[in-house]
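A.B. asks:
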Amino acid sequence: MTDIVEDLKWRGIIAQTTDEDALRKSLADGPITVYAGFDPTAASLHVGHLVIVLTLRRLQRAGHRPIALVGGATGLIGDPKPSAERQLNDTDTVRDWTGRIRGQLSAFLDFEGDRPDTAIMANNLDWTADLTAIDLLRDLGKHFSINQMLARDTVKSRLGGEGISYTEFSYVILQSFDYLELYRRHGCTLQIGGSDQWGNITAGLDLVRRVTGNTPHGQAHALTMNLLTKADGTKFGKTEGGAVWLDPELTTPYAFYQFWLNSDDRDVARYLRTFSFRSHDEIEALERESAERPAGRAAQRALAEELTTLVHGADQCAAAVEASRALFGQGDLATLDRATLNAAVAELPSASVTELPTVVDALVATGLVASKGAARRTVKEGGAYVNNVKVTEEDALLGADDLLHGQWVLLRRGKRNLGAVKLG
RNA sequence: GGCGGGUUGCCCGAGUGGCCAAAGGGAGCAGACUGUAAAUCUGUCGGCUGAUGCCUACGCAGGUUCGAACCCUGCACCCGCCA
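According to our numbering, the stretch in the first sequence is residues 8 to 431, in order.
1. Let's test the definition: count the other Cβ atoms within 10 Å of the Cβ of V386 and tell me whether it reaches 16, buried, or not, exposed.
2. Leaving out the 5 sequence neighbours to the left and right, which residues in its chain are closer than 7 Å to V318 when beta-carbon positions are compared?
3. Is it right to say P73 is buried, meaning 16 or more other beta carbons lie within 10 angstroms of its own, or is it exposed?
4. Do the segment 71-86 and the segment 107-120 meet, that is, are 3 or more Cβ pairs less than 8 Å apart?
5. H56 and F45: beta carbons closer than 8 Å?
6. Looking at C-alpha atoms only, which residue of R420, G206, I21, S378 is the closest neighbour of A391?
7. Which residues share a DSSP beta bridge with H228?
8. Beta-carbon within less than 6 Å of L234's beta-carbon, same chain only, minus the 5 sequence neighbours each way: which residues are those?
9. Curious, which full-length alpha helix (DSSP H) runs of at least 4 residues does the segment 124-151 contain?
10. In angstroms, rounded to a whole number, what distance separates the CA positions of A43 and Q198?
11. Closer than 8 Å is the cut-off here; do at least three beta carbon pairs connect the segment 343-351 with the segment 309-324?
12. What first and last residue would you give for the alpha helix (DSSP H) that runs through T105?
13. Would P38 and H71 be called neighbours here (beta carbons separated by less than 8 Å)?
14. For my contact list, G79 and N154 are in at a C-beta cut-off of 8 Å; report their separation, rounded to the angstrom.
15. Could you check which residue in Q307, T258, Y261, L257 has the C-alpha nearest to that of L279?
16. Hey, how far is the Cα of S286 from the Cα of K237?
17. Between the beta-carbon of V416 and the beta-carbon of D408, is there less than 8 Å?
18. State the Cα-Cα distance for the pair R31 and A377, rounded to the nearest angstrom.
19. Look up L15 in the DSSP assignment and say whether it is helix, strand or coil.
20. With a floor of 4 residues, list each alpha helix (DSSP H) that falls wholly inside the segment 24-73, ordered by position along the chain.
21. With three or more beta-carbon pairs closer than 8 Å as the criterion, would you say the segment 288-307 touches the segment 324-337?
22. Let me confirm a value: D432 is counted as buried when at least 16 other C-beta atoms fall within 10 Å, else exposed. Which label applies?
23. What does the Cβ neighbour count give for M8, buried or exposed, with the cut at 16 atoms within 10 Å?
24. Determine the DSSP secondary structure at G249, reduced to helix, strand or coil.
25. Within the segment 362-419, note down every full alpha helix (DSSP H) run reaching 4 residues or more, in order along the chain.
26. With 16 as the cutoff for other CB atoms within 10 Å, does I141 come out buried or exposed?
27. DSSP state of T241, grouped into three classes?
28. Do L83 and V58 have their C-beta atoms closer together than 8 Å?
29. For the alpha helix (DSSP H) containing K163, name the first residue and the last one.
30. Which residue's Cα is closest to the Cα of L230: D185, T209, K242, L214?
31. So, A50 versus R107, is the Cβ gap smaller than 8 Å?
32. How many Å lie between L187 and A69 at the Cα?
33. Considering only their Cβ atoms, is the gap separating V393 from L425 smaller than 8 Å?
34. Quick check: F266 and L61, are their CB atoms within less than 8 Å of each other?
35. Starting from N233, trace the beta strand (DSSP E) in both directions and tell me its first and last residue.
36. Based on the DSSP secondary-structure assignment, which residues constitute the bridge partners of L425?
Structure below.
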C-alpha cells in the first residue's frame, strides 16, 4: 500500500490533521473508511469541490473505502459563513440538488462490487429525518458546550457582525452527528474536508469520542485540505461567467477545458499536484517544461486535458481540444470544414437570427456583452472581432460574405471570449 | 429605554439645494506588450439613444421647492455612548 499521507503532503494538499502519526499508522495498518460531505447548496458541484472529491478518489486507489455523503439534511439548514446568514432553499429544491450532486459524485468513485474499498453513497437525511426534537436535545445536545460553540471563529465573527440564527448555530451538531452515525454504521474513522471545515470535523470527533468512547472502531481522525488560492489574489474557480461547474449544462466542457488551459503560470504546478493522477515524475517533468518554456503551456494543456477527460469523458475532451484549436488557431476560419466548425461552434454561446444583424446587436444577442452601450464601447476600443478579424466600424453590419458555410458568424470580444450567430 | 452618528453606484468611499449619473480608490472590461498567461501602462466603467436628449439610481414612503443624494416628516436597519 502506498503511503498516502506522503503522497498528499507532496501534493501540498494537507492543511491540518489530528495526530498525524496515529493517522498514518491506521492508514498503513489496513483499509479504513473515510468520508467527505457535500451540501447541496447549488445544482452542481464546482471545481473547488474537486480537491475533496479527488482526494477521496486517491484514498480509494490507496485501498481505502470512501463514503460520499450528500447533505440532504444539512443542506436544509446551512453551514454558517463568517460573513452573513444564508438564504434557506426550499425543500423541493434541496431534494432536487441532492439527487444531482449524488449523480455527480458517483462518477468519481468506484461503487461496484463488495470489496473493502468499494465506495458507499450516503445521505444524512436518512438518519436525521426521523430524529425527534427530544432526541436531538437529550442525546446530542447534552454533548455540546455552548461555551465551545460560541468560541468558534465563524460564530464569533457573526456575533460581532450581523448575528446568527439558531438554525445555523446548530449546524455543527448535525454534521457531528453524521460522523457519529458513519462511525457506528460503517466504522468510518476519517473525515476529510476543506480547511474551513476543521471546526465542524473536530466537533464530530469529540461527539464520537464522548458517545462511543472510540470503540469498537478505534480513534477517529480529521484531515483538512488547503483551499486553492490564485497568485493574483482572486478566488480560485471563478471566471467572468461565475463559478466553474462540473455540470455540462452549467459550464460547457469547452469552457471547462478553457478554464484550466488559462491557468496562471504561477499556479499551474500547484494545480497539477492537487488534481492530477499522473506520477510524481510526470508532474515534475511538466513543471520543468513549464518553467523553461512557459509560452508552450504544456502544463496547462496536460492539466486541462486530464481534468476534462475525467469530468466529461474522453470524447467531450477531444471535442473541446479540437474546438479550441479551430477557434484560436491562426488559420483562416473559412478553410475549416463544416463538421469541425459545427462542433466548435456548438461549444460557444450562440444566438439564432432570421436576418443578419449589426455587429453591435450580434454581440448583445450572443451575450458577449451586457448591453448595446457596452457593445459600442467594445467596438470603439477595438475589442470586437468578426470571424477573428477586428471590426472598426461602430455601425458595421454583418454581410452574407461573413457567413461561414452559409450559416455561422463567429464573434469575439477581447482575446478569448467567443460567441456565434446562426442564421436561419 | 435615552442621547448621538450612519445608510451613496459591483465593493470601499467623497459629496450638504442647481455646474451630480455623482470625486477618489478597488474590482470588472478593452487596448498596447505577449503566450487564449502574469506584471505594467493607457482607456473605459447604469440603461436606451448615431452625439450633450430620455429613463433608472444616492435605505423606504411621503413632503417643501422652479429644481433634492443634499432641506422637512414618518418608517426600517446598522454603529457608538449612557441606562
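We treat Cβ as the ideally placed atom computed from N, Cα and C, and that holds for glycine.
C.D. replies: This is what the structure gives:
1. The sequence position of residue 386 within the first sequence is 379, counting from 1. Result: buried.
2. Working through the first sequence from its first residue, we reach residue 318 at position 311. Taken in chain order, the residues that qualify are L253, F263.
3. Within the first sequence, residue 73 is the residue found at index 66, counting from 1. P73 comes out buried.
4. yes
5. The residue given as residue 56 occupies position 49 in the first sequence. The residue given as residue 45 occupies position 38 in the first sequence. A contact, by the Cβ cut-off of 8 Å.
6. Within the first sequence, numbered from 1, the residue matching residue 391 stands at position 384. It is R420 whose Cα lies nearest to the Cα of A391.
7. Looking up residue 228 in the first sequence gives position 221. Answer is L197.
8. Walking along the first sequence from the start, residue 234 turns up at place 227. Closer than 6 Å at the Cβ level, and outside the excluded window around L234, lie G201, S202.
9. 132-135
10. Translated into the one-based positions of the first sequence, residue 43 becomes position 36. Translated into the one-based positions of the first sequence, residue 198 becomes position 191. Answer to the nearest angstrom: the Cα atoms are 6 Å apart.
11. no
12. Your numbering for residue 105 matches position 98 in the first sequence. Unbroken alpha helix (DSSP H) run through T105: 98-113.
13. Residue numbering aside, residue 38 sits at position 31 when the first sequence is read from its first letter. Residue numbering aside, residue 71 sits at position 64 when the first sequence is read from its first letter. Yes, they are a contact pair.
14. To locate residue 79, count along the first sequence from 1; it is residue 72. To locate residue 154, count along the first sequence from 1; it is residue 147. Not a contact, Cβ separation roughly 31 Å.
15. Sequence index remark: in the first sequence, residue 279 carries index 272 (1-based). Taking only the C-alpha atoms, the option nearest L279 is Q307.
16. Taking the first sequence and counting its residues from 1, one reaches residue 286 at position 279. Taking the first sequence and counting its residues from 1, one reaches residue 237 at position 230. Their backbone Cα atoms lie some 24 Å apart in a straight line.
17. Sequence index remark: in the first sequence, residue 416 carries index 409 (1-based). Sequence index remark: in the first sequence, residue 408 carries index 401 (1-based). Contact flag unset, no.
18. In the first sequence, counting from the first residue as 1, residue 31 sits at position 24. In the first sequence, counting from the first residue as 1, residue 377 sits at position 370. Spanning the two alpha carbons is a distance of roughly 53 Å.
19. By one-based count along the first sequence, residue 15 stands at place 8. It is helical.
20. 27-36, 54-68
21. no
22. What the structure shows of the chain is the stretch from 8 to 431, and residue 432 is not part of that stretch, so it cannot be assessed.
23. Counting from 1 along the first sequence, the entry for residue 8 is found at position 1. With a pLDDT of only 45 at M8, under the threshold of 50, the placement of this residue in the model should not be trusted, and no figure is reported.
24. In the first sequence, the residue the question calls residue 249 occupies position 242. Strand at G249.
25. 366-372, 379-387
26. Taking the first residue of the first sequence as 1, we reach residue 141 at position 134. With fewer than 16 other Cβ atoms within 10 Å, it is exposed.
27. What you label residue 241 is simply residue 234 of the first sequence in a count that begins at 1. Looking at T241 - three-state DSSP - the assignment turns out to be coil, as it is neither helix nor strand.
28. For the purposes of this step, residue 83 is taken as the residue at position 76 of the first sequence. For the purposes of this step, residue 58 is taken as the residue at position 51 of the first sequence. Cβ atoms of L83 and V58: not closer than 8 Å.
29. Position 156 of the first sequence, counting from 1, holds the residue named residue 163. Here the alpha helix (DSSP H) through K163 covers 160-166.
30. For this step, residue 230 is matched to residue 223 along the first sequence. Answer by Cα proximity: T209.
31. Position 43 of the first sequence, counted from the first residue, corresponds to residue 50. Position 100 of the first sequence, counted from the first residue, corresponds to residue 107. Their beta carbons are under 8 Å apart, which means A50 touches R107 by this criterion.
32. Counting from 1 along the first sequence, the entry for residue 187 is found at position 180. Counting from 1 along the first sequence, the entry for residue 69 is found at position 62. Using only the alpha carbons, I get a separation of about 24 Å.
33. Your numbering for residue 425 matches position 418 in the first sequence. Your numbering for residue 393 matches position 386 in the first sequence. No, they are not a contact pair.
34. The count along the first sequence starts at 1 and reaches residue 266 at position 259. The count along the first sequence starts at 1 and reaches residue 61 at position 54. No, the Cβ-Cβ distance between F266 and L61 is not below 8 Å.
35. Residue numbering aside, residue 233 sits at position 226 when the first sequence is read from its first letter. Note, N233: premise wrong, no beta strand (DSSP E); not H, not E.
36. What you label residue 425 is simply residue 418 of the first sequence in a count that begins at 1. According to DSSP, which records beta bridges pairwise, L425 is partnered with R419.
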